[in-house]
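As structure tokens, the structure follows; a few thoughts come after it.
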Amino acid sequence: MTAKACRLTLVIMAMGLGAAWLLAGCAAPQVRPSGFLAHHPELKAVPGLESISYWEKPGVKWERYRRLLLEPVRVRLDERQSTREMSAEETARLAEALRQAVIKATTDRFPQASAPGPDVLVVRAALTHLKPVNPALNIATTAVVFMPVDVGQAAVEAQFLDAQSGEVLAEAAASRSGSPVELTTLWTRWSQVEACFAVWADMLRQAMEEPPPPAKR
293 MTAKACRLTL VIMAMGLGAA WLLAGCAAPQ VRPSGFLAHH PELKAVPGLE SISYWEKPGV
353 KWERYRRLLL EPVRVRLDER QSTREMSAEE TARLAEALRQ AVIKATTDRF PQASAPGPDV
413 LVVRAALTHL KPVNPALNIA TTAVVFMPVD VGQAAVEAQF LDAQSGEVLA EAAASRSGSP
473 VELTTLWTRW SQVEACFAVW ADMLRQAMEE PPPPAKR
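Going letter by letter, the sequence shown gives residues 293 to 509 in our numbering.
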């Protein structure tokens, strides 16, 4: 794996849910920082992916990292932005689904480490915003205006750390809304989010061989 490929992998991992809806054209929700990231004020927008921001410590030798240690995904939702009730079981399931999607997509290239080591990169992530689809509302609006109008939303923050020193090497945050044109995902509460995980996994595989977009200065 090249240093360039690894760096973009980090960007794609961090942008998570937002990237899956990039082509949908819907505005990303404005999500307050959760306090999960140590360098949030230093995040810069990624050109062409304006709902994604990224920070990286200068001089990181990404090529040294050959294994990943994916910690359990945290759930740090801002209750002030939550407009719909979600059970603890739902959010926990989504957090684990996100983690498993990354493991499935990366494990053949980046084997999962069971303990810290000199070639291990730790990935920490937190879901900071989730909005499920309201299927009943979409059924009603389809009957009136011939299309569903309620979409899902999600946001994620992520850290990438050296497993031995615990030093934070990079951070990212992303948010995105779904699209009413994604008809097959608009009839259950979490289909848009779950579909996003699958798209994320595919994008992650593709991104490993692509050069990263430069961050805005």
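Beta carbons are placed, not taken as given, at the ideal position from N, Cα and C, and that holds for glycine.
Please report the distance separating the alpha-carbon of residue i from that of residue j.
i      : j      : result
Gln404 : Glu371 : 33 Å
Gly458 : Ser483 : 35 Å
Gly351 : Ala462 : 11 Å
Val365 : Ala387 : 5 Å
Tyr357 : Phe402 : 9 Å
Ser469 : Ala380 : 22 Å
Arg324 : Ser343 : 13 Å
Ala446 : Ile395 : 20 Å
Ala465 : Arg391 : 16 Å
Val448 : Ala393 : 14 Å
Taking its Cβ as the centre, do 16 or more other Cβ atoms sit within 10 Å of residue i, making it buried, or is it exposed?
i      : result
Gly444 : buried
Arg359 : buried
Pro339 : exposed
Thr398 : buried
Ala337 : exposed
For residue i, which option in the options has the closest C-alpha, if you only look at C-alpha atoms?
i      : options                           : result
Val460 : Gly351, Ala389, Ala330 and Ala466 : Ala330
Glu334 : Arg356, Ser406 and Glu348         : Glu348
Ala407 : Ala446, Leu362 and Pro424         : Leu362
Glu382 : Tyr346, Ala337, Ala464 and Leu422 : Leu422
Glu377 : Ala465, Val448, Pro424 and His332 : Pro424
Skipping 5 residues on each side, what residues in its chain have a beta carbon closer than 8 Å to that of residue i?
i      : result
Gln322 : Ser467
Gly409 : Arg359, Ala455 and Gln456
Ala384 : Val367
Ser345 : Leu335, Lys336, Ala337, Val338, Ala464, Ala465 and Ala466
Asp400 : none
Please list, in chain order, all residues of the same chain as residue i whose beta carbon is under 6 Å from its beta carbon, the five residues on each side excluded.
i      : result
Arg368 : Ser326, Phe328, Ala418 and Thr420
His332 : Pro325
Stretch-stretch touch, CB-based, cutoff 8 Å, three pairs: the region 446-454 with the region 413-425: yes
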